[in-house]
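Chemist: Let me begin by handing over the structure; questions about it come next.
4 protein chains.
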Amino acid sequence: MNYDIRDIALAERGRKRIRWAARHMPVLNQLREEFAAQQPFQGKRLAVSLHITTETAVLLSTLHAGGAEIALCASNPLSTFDDVCAALVEEGMQVYAINGEDLPTYRRHVEQVLDIDPHLVMDDGADLIVELHKRSSSGSVVAGIEETTTGVVRTRALASDKLLRFPVIAVNDTPTKHYFDNRFGTGQNTIDGILRATNTLLAGSTFVVAGYGWCGRGIAARARGMGARVIVCEINPTRALEAYFEGFQVLPMEEAAPLGDIFVTATGMKGVIRKEHILQMKDGALLANSGHFNVEIDVAALEQTAVQTQEIRDHLVEYQLPNGRNVYLLGQGRLVGQVAAEASPAALMDLSFAGQALSTYYLLCTEHRLPPGVHNVPAELDERVAQLKLKALGIRLDTLNADQLTYQASWQYGTAE
Amino acid sequence: MNYDIRDIALAERGRKRIRWAARHMPVLNQLREEFAAQQPFQGKRLAVSLHITTETAVLLSTLHAGGAEIALCASNPLSTFDDVCAALVEEGMQVYAINGEDLPTYRRHVEQVLDIDPHLVMDDGADLIVELHKRSSSGSVVAGIEETTTGVVRTRALASDKLLRFPVIAVNDTPTKHYFDNRFGTGQNTIDGILRATNTLLAGSTFVVAGYGWCGRGIAARARGMGARVIVCEINPTRALEAYFEGFQVLPMEEAAPLGDIFVTATGMKGVIRKEHILQMKDGALLANSGHFNVEIDVAALEQTAVQTQEIRDHLVEYQLPNGRNVYLLGQGRLVGQVAAEASPAALMDLSFAGQALSTYYLLCTEHRLPPGVHNVPAELDERVAQLKLKALGIRLDTLNADQLTYQASWQYGTAE
Amino acid sequence: MNYDIRDIALAERGRKRIRWAARHMPVLNQLREEFAAQQPFQGKRLAVSLHITTETAVLLSTLHAGGAEIALCASNPLSTFDDVCAALVEEGMQVYAINGEDLPTYRRHVEQVLDIDPHLVMDDGADLIVELHKRSSSGSVVAGIEETTTGVVRTRALASDKLLRFPVIAVNDTPTKHYFDNRFGTGQNTIDGILRATNTLLAGSTFVVAGYGWCGRGIAARARGMGARVIVCEINPTRALEAYFEGFQVLPMEEAAPLGDIFVTATGMKGVIRKEHILQMKDGALLANSGHFNVEIDVAALEQTAVQTQEIRDHLVEYQLPNGRNVYLLGQGRLVGQVAAEASPAALMDLSFAGQALSTYYLLCTEHRLPPGVHNVPAELDERVAQLKLKALGIRLDTLNADQLTYQASWQYGTAE
Amino acid sequence: MNYDIRDIALAERGRKRIRWAARHMPVLNQLREEFAAQQPFQGKRLAVSLHITTETAVLLSTLHAGGAEIALCASNPLSTFDDVCAALVEEGMQVYAINGEDLPTYRRHVEQVLDIDPHLVMDDGADLIVELHKRSSSGSVVAGIEETTTGVVRTRALASDKLLRFPVIAVNDTPTKHYFDNRFGTGQNTIDGILRATNTLLAGSTFVVAGYGWCGRGIAARARGMGARVIVCEINPTRALEAYFEGFQVLPMEEAAPLGDIFVTATGMKGVIRKEHILQMKDGALLANSGHFNVEIDVAALEQTAVQTQEIRDHLVEYQLPNGRNVYLLGQGRLVGQVAAEASPAALMDLSFAGQALSTYYLLCTEHRLPPGVHNVPAELDERVAQLKLKALGIRLDTLNADQLTYQASWQYGTAE
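In structure tokens form, the structure reads like this:
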């Protein structure tokens with residue numbers, strides 16, 4: 001049996017929820033129609049490691065409708081929806097993922113997915129890509145696609161060590177991903193995850209955001225929009241200045257630690273909140289992470305330091321510190337918007353997943369041949385995604401007339417002419 | 001057995017969650033200490049109809065710690081947490097409430113609560129007060145407390161018909177309730193309820209808020225803070241002008257209907273969204289209510305009109321209309337922030353419930369005697385609540401010095417003196 | 001010659017600017033048409049003390065068109081526009097006001113205005129009312145109208161001393177004034193005044209607002225909207241809590257003083273920023289006032305403390321302190337939005353001045369007789385103003401249908417019916 | 001006499017105002033100290049065309065203190081402050097600029113500035129660079145610096161025609177300029193210019209921003225912050241989607257034209273608001289431009305179409321259209337924040353001008369040799385500016401520890417390790 005999931009009987013519930021996501025993904029719907037008609041992926045095998053959500057299901061169905069053979073594992077053991085897995089198996093994919101699976105199972109599933117000898121790997125955190133490079137050969141793989149900042153960092157490191165064997169398109173680095181999914185998606189789902197895990201009041205709270213990249217600024221904007229007073233921690237001078245001019249207080253973590261009611265990390269770095277910070281925090285402080293890996297908050301240090309721990313609610317654990325104060329960790333320090341909420345809304349995943357679908361087509365079905373290395377999404381794909389989305393939203397844009405096109409191209413026009 | 005709840009075995013889980021709420025209710029915690037020491041409510045019976053949440057539990061424990069005998073039913077059949085009921089029964093209260101109970105059960109529970117022959121009724125929607133006035137006598141009741149706008153309207157109607165038999169303090173009309181719970185609490189929990197029920201993207205959406213009272217403006221502010229474009233519908237000219245100057249588009253519902261992606265009612269009025277509006281809506285429109293009663297959206301008309309309905313997710317039902325479009329009703333048109341999320345955060349309920357606790361003390365344990373009618377919370381109680389909260393938050397205020405107090409009292413100081 | 005102004009030759013420029021204001025005052029324009037047709041003020045003399053701006057001119061023209069005889073002085077020596085005075089004289093009013101006039105001249109002008117033996121005094125700060133009560137008789141005066149909080153305080157003090165001889169309508173206390181002029185008008189013109197006086201960057205600045213009444217919250221909202229980080233100082237616990245939940249930092253002035261880049265007072269109280277605060281401020285701090293009187297910042301103490309002062313730009317004076325730091329006072333500590341900018345925009349003055357025009361009509365031309373004391377604007381006048389404004393803006397509202405009107409009046413409808 | 005200015009007697013006033021700007025430019029102040037000590041520019045001649053404001057004066061003083069010989073003309077005839085010119089002449093520079101000078105004078109001044117045979121040209125709109133390339137030789141010029149988007153476009157066009165003779169550093173394209181001056185500076189000064197020119201109420205207004213680049217998004221954010229309802233017009237799909245997700249309405253100009261109360265262009269394109277749009281506008285619409293050149297609003301078409309025009313206030317002209325409506329043009333369609341207000345605040349010019357000062361040093365005083373073409377500001381200069389600014393603001397950042405630096409460099413760390 002070429003799948004390993006919780007319960008195939010969950011398929012009906014999964015299908016219903018996938019249809020709900022598909023409602024909000026008009027760009028993928030349109031691509032699906034095109035692919036279904038043309039069957040461009042006939043005979044192509046895809047190994048996929050993604051958060052297994054309803055939106056991911058819409059992406060995979062889109063590729064599957066175009067003829068692709070797909071094997072799927074989870075990019076994070078906690079973000080898998082078992083009902084979605086069941087629906088995808090019934091649709092004909094090989095799925096190896098169970099919510100909450102332990103580490104050995106997780107690793108076995110990664111290997112099972114790679115065992116289909118894929119033509120393309122689609123990754124979210126680069127676990128497939130890294131695993132593949134531990135093997136002596138990449139088999140039929142001609143290209144990869146990577147979704148996250150963290151995975152791109154890992155893939156770049158492989159490339160700079162001259163180990164990377166094939167081209168990888170970094171979907172994460174594309175404007176459509178940066179601008180939309182990271183900012184608006186992570187911004188909303190971080191708030192959502194915190195509310196579901198704690199039902200805490202954001203209005204009036206002091207909300208510390210570590211990292212002012214696209215995710216961090218999305219989180220900061222939404223926290224402010226919910227009435228919080230936001231403090232930003234950064235290491236980059238230009239980003240720190242931006243945060244300052246946006247009206248946020250900018251402090252190093254050691255100064256923010258005793259002030260915050262809620263802390264969220266979104267840096268891509270490890271050890272951003274450490275023991276020395278935690279011991280300075282107020283009684284009742286909440287700690288959450290929105291970066292890809294669960295290394296941004298030093299959970300190990302927190303567990304060693306605590307004199308007592310207890311689960312308070314789903315995704316909320318209380319740690320009693322030696323100083324008598326309690327701090328609360330959300331979702332084990334994993335991506336709070338995916339663990340405690342439902343990841344980015346379908347309307348945004350539509351954009352980045354449409355980029356993935358078009359990149360897959362570009363890599364497998366066109367004449368373009370990229371050398372090994374990390375590549376950007378070709379700009380024309382990105383612009384096509386934006387245009388399809390605007391069309392679906394019913395938004396018309398201005399266009400340049402002949403006079404304006406001439407002006408754009410010329411340099412003779414000056415102050416007074 | 002003087003209780004009727006789902007399962008007493010849920011008590012441990014309930015206690016744990018109540019402790020989490022209590023962490024965020026420092027004002028009640030302080031009152032609890034005072035009441036526990038003084039036992040002011042010894043021999044007093046309280047009949048209570050409230051949303052049975054963890055925060056309500058903290059209020060009732062505070063009164064119970066002061067010696068009160070308490071019987072409790074739900075003010076809304078869908079907002080009851082069964083684990084909280086169990087914990088309160090174990091603490092020694094009479095609880096008659098089961099999540100999702102049918103109407104006959106609900107009515108029986110109301111009667112059982114009144115059967116303790118209370119000295120005071122504490123109400124949320126005036127169901128106890130109205131039921132009591134259907135009886136020939138109110139027994140030992142000397143006063144009531146009402147929590148919501150809707151309940152106040154109903155009680156005022158009783159009073160203007162000269163039927164009201166005892167004084168009722170309208171906790172709802174007090175600044176601490178208006179300003180904080182309605183605005184910041186309903187604002188947040190409406191967003192929270194919509195996200196949990198749908199995981200829809202708020203950024204970029206067109207979000208229609210019907211009613212620009214305190215709840216409505218809280219919802220509008222938070223929707224904007226999450227990136228939505230907000231349209232306000234109002235019937236009051238002054239409120240409509242306020243919404244306009246706050247930068248919201250102001251339209252009558254018939255013009256807003258074809259524009260909105262999400263609709264939320266918060267008016268206290270029935271039939272705000274009617275069949276003629278629904279038939280104008282876009283495919284995919286979401287309908288939610290944040291007013292007390294489930295009458296603001298005409299659910300009956302929606303059900304009669306729909307050619308097909310199906311549940312998509314928890315608290316989300318799809319209605320296919322004769323025109324081929326689908327609209328989606330959240331939480332059956334009941335309070336979305338209570339049905340699909342967890343009602344107002346504890347930090348805010350701390351304020352209005354502290355007002356209730358102090359009002360209970362005022363009505364049962366002091367010399368003050370109010371005539372039958374609807375009364376405001378005495379201003380000194382309200383100010384005491386605010387002061388206790390600021391103290392708990394560690395916020396110090398400026399105070400007037402002698403010179404300033406003189407200035408405040410005098411009229412001789414003019415432009416140039 | 002029954003006027004005393006700078007230069008009658010400025011009339012043409014004044015007329016042009018008044019027309020610009022009139023463009024944005026559609027409610028007054030409509031009233032003007034009605035009054036011109038009906039001549040309700042024939043034979044009535046009005047003594048007026050207002051900020052002499054283009055918007056004031058539109059109000060007075062409206063009353064003058066209705067037959068009133070008008071004498072006018074300034075409510076603040078620095079806010080007079082000499083070109084407006086000239087235009088009003090040419091229109092046929094008696095004007096006694098010169099921008100920057102000294103105190104003896106100011107007082108003489110107040111007296112000259114009262115010398116017309118008015119039927120009604122229209123005041124802004126209560127200087128006319130107070131001066132009148134220093135006289136043995138109020139002559140023909142039957143009523144007064146007062147525009148500001150400060151004037152209302154002074155008039156109430158007169159009333160509570162049982163000295164007030166006639167009814168005074170407090171235009172200031174009406175929703176249309178509170179909600180709109182104080183919040184949106186003062187909010188904008190305070191920002192405008194600061195920018196014109198300093199051209200300082202608001203983004204990223206720490207902006208301290210003393211007072212969180214309607215003016216203060218307007219200022220705080222706009223400062224935040226321009227990118228500032230806002231700190232609020234308050235003495236009232238409920239208002240302080242509101243500011244906190246709106247996401248502002250709340251501090252007493254002594255803690256805010258060393259943090260602020262910009263300080264604005266809007267309290268109605270004297271000595272809000274005192275020597276001890278000023279000596280704690282950062283080098284470069286800006287001090288401005290948006291309260292009616294120039295007593296909120298202790299300018300006398302500032303001048304005594306400074307080792308050197310020099311004017312830097314119009315409305316900006318540098319005070320070098322003994323500690324070597326410099327602080328900067330805007331507009332001499334007078335209303336910064338009126339001294340350094342142009343007071344509230346015409347579109348808002350349209351509302352409060354329409355209230356004044358309708359109140360004048362109510363007091364002089366109807367059967368209503370109010371006793372001596374301070375009275376609110378009758379609610380029906382206020383609502384009429386709001387309706388006229390909405391109509392001018394082209395905004396339609398929802399209205400209740402028969403079913404809803406019944407619902408509003410009844411109390412029988414409960415949870416499940 | 002090697003200057004041509006309004007009046008040398010204005011120098012004292014100019015110096016005082018320049019000192020006020022210098023207070024807010026701590027980065028330049030620090031560079032000035034370094035340059036004064038090291039005299040790196042001894043023997044170097046600089047031809048400068050910039051908006052002649054107090055901030056420009058601080059930049060030029062900084063270079064002059066380092067030994068540079070400077071000749072200066074205006075980059076826009078209307079933005080010159082004559083008192084600043086006088087102060088700079090007294091400081092020893094050659095200044096050829098008079099506020100409001102006519103076109104022949106403006107051109108003569110450009111030529112006089114180039115006549116010093118400069119080593120470096122510092123430009124704002126590329127008028128010097130273009131003029132130089134009309135000459136047969138560039139003389140001693142080894143490099144240029146260009147400040148604006150428009151100038152960069154013109155210079156790039158020269159380069160792509162293979163005509164550009166020397167390297168030009170595009171200060172405009174650097175993060176410090178984009179992120180800060182364009183967004184926060186233009187954002188604020190556009191609002192400021194509109195308020196000074198009109199005193200119109202922004203709250204509630206419908207505010208149309210054409211162009212959602214860095215300037216446009218700064219303007220949109222500030223307009224929203226002042227209470228306006230903002231509509232964005234764009235031609236780029238990705239930018240349009242961003243505006244949509246930020247909650248702005250996105251429309252083509254032809255649909256926005258009949259809705260707007262205020263229109264601001266910030267596109268770099270000509271003819272953005274044309275006759276066909278103007279004829280659709282509401283009576284009273286305001287038209288302003290914040291792009292570099294006065295071509296974005298078709299002023300010629302406006303003047304030809306109008307049946308009557310008159311100046312209403314400074315920088316505000318009324319155009320009566322054949323349809324009976326009036327529209328109002330601010331500042332002749334030139335940069336409204338520079339014509340009607342005072343350009344970007346010193347605190348921001350500190351950043352871009354520090355970049356210019358460091359680029360000047362880089363081009364004239366180091367070993368680096370760039371080829372002809374348009375170059376970015378070297379990243380290390382930009383980062384140095386940001387660091388100096390943060391230091392001046394007293395803001396400390398987090399820094400990576402050894403463990404984190406290792407993590408940053410490695411790729412072995414995965415999900416579960």
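Chains as they are written, first to last, in the working numbering: chain A, 1 to 417; chain B, 1 to 417; chain C, 1 to 417; chain D, 1 to 417. Idealized CB from N, CA, C, for every residue including glycine. Just so we're clear, the structure is a prediction, and the values are computed from it rather than from any experiment.
Quick one: does E101(B) have its CB under 8 Å from some CB of chain D?
Modeler: Judged by the 8 Å Cβ criterion, E101(B) is not in contact with chain D.
Chemist: CB-CB under 6 Å to T176(C), same chain, minus the five flanking residues each way: which ones, in chain order?
Modeler: So the list reads L351, G355, D382, V385, once near-sequence residues are dropped.
Chemist: Taking 8 Å as the threshold (beta carbon to beta carbon), is R386(A) in contact with chain D?
Modeler: One point to set straight first is that residue 386(A) is Ala, not Arg, in the sequence displayed. So, interface residue.
Chemist: Check each candidate in H24(B), P40(B), Q39(B) and name the one with the smallest Cα separation from T56(B).
Modeler: Among H24(B), P40(B), Q39(B), the Cα nearest to that of T56(B) belongs to H24(B).
Chemist: Please work out which residues of its chain come closer than 6 Å, Cβ to Cβ, to H178(D), disregarding the five sequence neighbours upstream and downstream, and give them in chain order.
Modeler: Counting only Cβ-Cβ distances below 6 Å, and skipping sequence neighbours, we find W214.
Chemist: For the segment 187-214 of chain B, enumerate the residues whose C-beta is nearer than 9 Å to any C-beta of chain A, in chain order.
Modeler: Listed in sequence order: G187, Q188, N189, I191, D192, L195, R196, T198, N199, T200, L201, L202, A203, G204, S205.
Chemist: Are G193(D) and A266(D) touching if we call contact CB-CB under 8 Å?
Modeler: Cβ atoms of G193(D) and A266(D): not closer than 8 Å.
Chemist: Have a look at A11(B) and L393(B) and give me their C-alpha separation to the nearest angstrom.
Modeler: Roughly 31 Å between the two C-alpha positions.
Chemist: In the DSSP assignment, what residue or residues form a beta bridge with T265(B)?
Modeler: Answer is A210(B), N289(B), bridged to T265(B).
Chemist: For A210(A), which residues from the same chain have a beta carbon less than 6 Å from its beta carbon, with the 5 sequence-adjacent residues on both sides left out?
Modeler: Result list for A210(A): C233, T265, T267, V272, in chain order.
Chemist: Can you name, in chain order, every residue of its own chain whose Cβ lies under 7 Å from the Cβ of Q30(B), other than the five neighbours on each side?
Modeler: Excluding positions up to five away in sequence, the list reads L388.
Chemist: Pick out the complete alpha helix (DSSP H) segments inside the segment 215-266 of chain C, 4 residues or longer, and give them in chain order.
Modeler: If we require 4 residues or more, the alpha helix (DSSP H) runs fully inside the segment 215-266 of chain C come out as 237-245, 253-256.
Chemist: Is there a Cβ from chain D that is less than 8 Å from the Cβ of L329(C)?
Modeler: No, because no Cβ of chain D sits closer than 8 Å to the Cβ of L329(C).
Chemist: Just to check my reading of the structure: H292(B) and L335(B) have Cβ atoms closer than 8 Å, yes? What is that Cβ distance to the nearest angstrom?
Modeler: Indeed, because the Cβ distance is near 7 Å, the residues count as touching under 8 Å.
Chemist: Is it the case that the Cβ atoms of G227(D) and L195(D) are separated by a distance below 8 Å?
Modeler: No. Outside cutoff.
Chemist: Can you give the Cα-Cα distance for M93(A) and A65(A), rounded to whole angstroms?
Modeler: One C-alpha to the other measures close to 11 Å.
Chemist: Using 10 angstroms around the beta-carbon of N289(A), count the other beta-carbons present and answer buried if the total reaches 16, otherwise exposed.
Modeler: The residue is buried, with at least 16 neighbouring Cβ atoms inside 10 Å.
Chemist: How big is the Cα-Cα spacing for D298(A) and V142(D)?
Modeler: About 54 Å.
Chemist: Where do the N-terminal and C-terminal ends of the alpha helix (DSSP H) with S61(D) fall, by residue?
Modeler: Per DSSP, S61(D) belongs to the alpha helix (DSSP H) from 54-65.
Chemist: Once the 5 residues before and after Q280(D) are set aside, which same chain residues still bring their CB inside 6 Å of it?
Modeler: Excluding positions up to five away in sequence, the list reads A257, P258.
Chemist: Quick one: complete beta strand (DSSP E) runs, 3+ long, within the segment 351-406 of chain D?
Modeler: As far as the segment 351-406 of chain D is concerned, its whole beta strand (DSSP E) runs of at least 3 residues are 373-376.
Chemist: Is the separation between the beta-carbon of C85(B) and that of R19(B) shorter than 8 Å?
Modeler: Their beta carbons are not under 8 Å apart, which means C85(B) does not touch R19(B) by this criterion.
Chemist: Alpha carbons only, please: which of A306(D), P345(D), R313(D), T399(D) is nearest the one belonging to N182(D)?
Modeler: Checked all of A306(D), P345(D), R313(D), T399(D); the closest Cα to N182(D) is P345(D).
Chemist: Could you check which residue in N199(C), N236(C), F263(C) has the C-alpha nearest to that of A220(C)?
Modeler: Taking only the C-alpha atoms, the option nearest A220(C) is F263(C).
Chemist: Hey, out of S136(B), G151(B), S140(B), whose CA is closest to L128(B)'s CA?
Modeler: Taking only the C-alpha atoms, the option nearest L128(B) is G151(B).
Chemist: Are A68(A) and V113(A) close, meaning C-beta to C-beta below 8 Å?
Modeler: No, these two residues do not count as a Cβ contact at 8 Å.
Chemist: Quick check: is the beta carbon of Q408(B) nearer than 8 Å to any beta carbon in chain C?
Modeler: So, interface residue.
Chemist: List, from N- to C-terminal side, the beta strand (DSSP E) runs of 3 residues or more that fit wholly inside the segment 21-101 of chain C.
Modeler: Qualifying beta strand (DSSP E) stretches, in chain order: 45-50, 69-74, 94-96.
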